[in-house]
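Residue numbers (our numbering): 23 to 467.
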């Protein structure tokens, strides 16, 4: 039997300290936490940085390092620094060494890096996944960061170093949890299924914000136990998590195969725990890993104007469309380029869905966010300044008096810097699971 303690869905989201202490008292075999994902868009991978504040990350990681020392078990983080890029792994390593020095605890740290050479990947034989963008070799080579998603095999190699702390680059959320149960010979289907259910901590329980979760794996299945006060797992909360970030509620693809839960059974052991059996792991003939890459897609400048006049609020879309058309024509005429994009989003009306919005209402005011995207920051700023007078004074008709609207700031133009786009949603076949990954061991103290 393997007991995995999961403090929360991601480092930086906080965790229940009392629940964590209960988990340590239950003598886990390993402490595992996720460090990130692609949820927050391509900028973090493109820049190779974390979305979470260093101060918050340090406080939470220090608590987990202290818990690890008390329990005497490995501590593993996957997708370090939100994106899992090599720079994020280095950032997490530096933070870990800093905390270890402050705590006065000697530690052995293993880093598992998953960064790829864009030039080499541009020449590799890749297979697009459904919905993959159309990309050229030049697009791939232009990526600032490309990562391969590690599976259980690579995490197992890191565990085999005997490290106290393992910092993984980009990895599947499930692999970091499934690795030790698989290594210990627990049921393979249960290892992957329990890892999927436990990936986000107590999100599979009735109190999702409580964080701390215990998953016990054995020869026939797994048992889910949320550890915070007021947190309960039910068959419904557990099986529903197969839908989380997964288009198929029964099949989950991972490096080396896929999980099939069509025959799984979910049984409430009491008002807190759920037992799951019947999951199946189906190995694949080829070992493939998913690739993620991000590249600069342009530079952006944004500005915000506020509409409060009743007539303009009611006709905001007409007004915005007219501005976009006229401003674009002026930019093309005066700058001699068509390589730019102007977008006006109506906050309070349809900013989320645009033309797909089905609910109609008339708010008191609308925030108009203008987004200019161009190949260079200087060009984006120039276009935003051409757009400025329209946002301030553009009338609905030529016959009426010239209106004046409010800008949120002065000057209204705000540079966002580089904007990034995901470039890869592809898989790459490996002859050996470790050939795309690099494992290093660091002794501290």
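The beta carbon of each residue, even a glycine, is placed where N, CA and C say it ideally should be.
Report back the beta-carbon spacing between residue i and residue j to the nearest angstrom; my notes put them in contact at under 8 Å.
| i | j | result |
| --- | --- | --- |
| residue 335 | residue 385 | 7 Å |
| residue 70 | residue 107 | 4 Å |
| residue 26 | residue 199 | 6 Å |
| residue 170 | residue 138 | 6 Å |
| residue 418 | residue 340 | 7 Å |
| residue 387 | residue 328 | 6 Å |
| residue 168 | residue 57 | Between residue 57 and residue 168 the Cβ distance is about 18 Å, and since that is not below 8 Å, they are no contact. |
Per the DSSP calculation, residue i is bridged to which residue(s)?
| i | result |
| --- | --- |
| residue 410 | Looking at the DSSP assignment, residue 410 forms no beta bridge with any residue, so it has no partner. |
| residue 236 | 27, 247 |
| residue 299 | 243, 287 |
| residue 363 | 395 |
| residue 305 | 279 |
| residue 138 | 168 |
| residue 72 | According to DSSP, which records beta bridges pairwise, residue 72 is partnered with nothing at all. |
Along the beta strand (DSSP E) that carries residue i, what are the first and last residues, could you check?
| i | result |
| --- | --- |
| residue 437 | 436-452 |
| residue 282 | 279-282 |
| residue 322 | 309-329 |
| residue 464 | 460-466 |
| residue 102 | 97-104 |
| residue 152 | Segment: none, residue 152 is in no beta strand (DSSP E) and carries neither H nor E. |
Considering Cα atoms alone, identify which of the options is closest to residue i.
| i | options | result |
| --- | --- | --- |
| residue 324 | 402, 290, 24, 313 | 402 |
| residue 243 | 292, 277, 252, 300 | 300 |
| residue 308 | 455, 127, 120 | 455 |
| residue 129 | 137, 417, 96, 148 | 96 |
| residue 63 | 189, 73, 45, 238 | 73 |
| residue 399 | 439, 154, 189, 23 | 439 |
| residue 46 | 57, 418, 150, 250 | 250 |
| residue 110 | 150, 192, 186 | 192 |
| residue 467 | 366, 119, 37, 67 | 119 |
| residue 114 | 34, 326, 405 | 34 |
Less than 7 Å between C-beta atoms, sequence neighbours within five positions excluded: which residues of the same chain meet that for residue i?
| i | result |
| --- | --- |
| residue 259 | 226, 227, 228 |
| residue 297 | 243, 245, 289, 291 |
| residue 24 | 51, 202, 203, 206, 208, 239 |
| residue 320 | 395, 396, 397, 441 |
| residue 268 | 274 |
| residue 153 | 447 |
| residue 230 | 224 |
In the DSSP assignment, the alpha helix (DSSP H) including residue i goes from what residue to what residue?
| i | result |
| --- | --- |
| residue 478 | Lying before the first or after the last residue shown, residue 478 is absent from the chain, which here runs from 23 to 467. |
| residue 258 | 257-261 |
| residue 88 | 76-93 |
| residue 216 | 210-220 |
| residue 353 | 338-357 |
| residue 112 | 108-125 |
| residue 56 | No alpha helix (DSSP H) contains residue 56, which is instead part of the beta strand (DSSP E) from 52-58. |
Here's a check: name, in chain order, each residue in its chain whose Cβ is nearer than 6 Å to the Cβ of residue i, leaving out the five neighbours to either side.
| i | result |
| --- | --- |
| residue 463 | 132, 183 |
Beta-carbon within less than 8 Å of residue i's beta-carbon, same chain only, minus the 5 sequence neighbours each way: which residues are those?
| i | result |
| --- | --- |
| residue 125 | 84, 87, 88, 91 |
| residue 146 | 450 |
Does the Cβ of residue i lie closer than 7 Å to at least one heavy atom of the ligand GTP?
| i | result |
| --- | --- |
| residue 102 | In terms of ligand content, the structure shown is empty, and the ligand GTP therefore cannot be addressed. |
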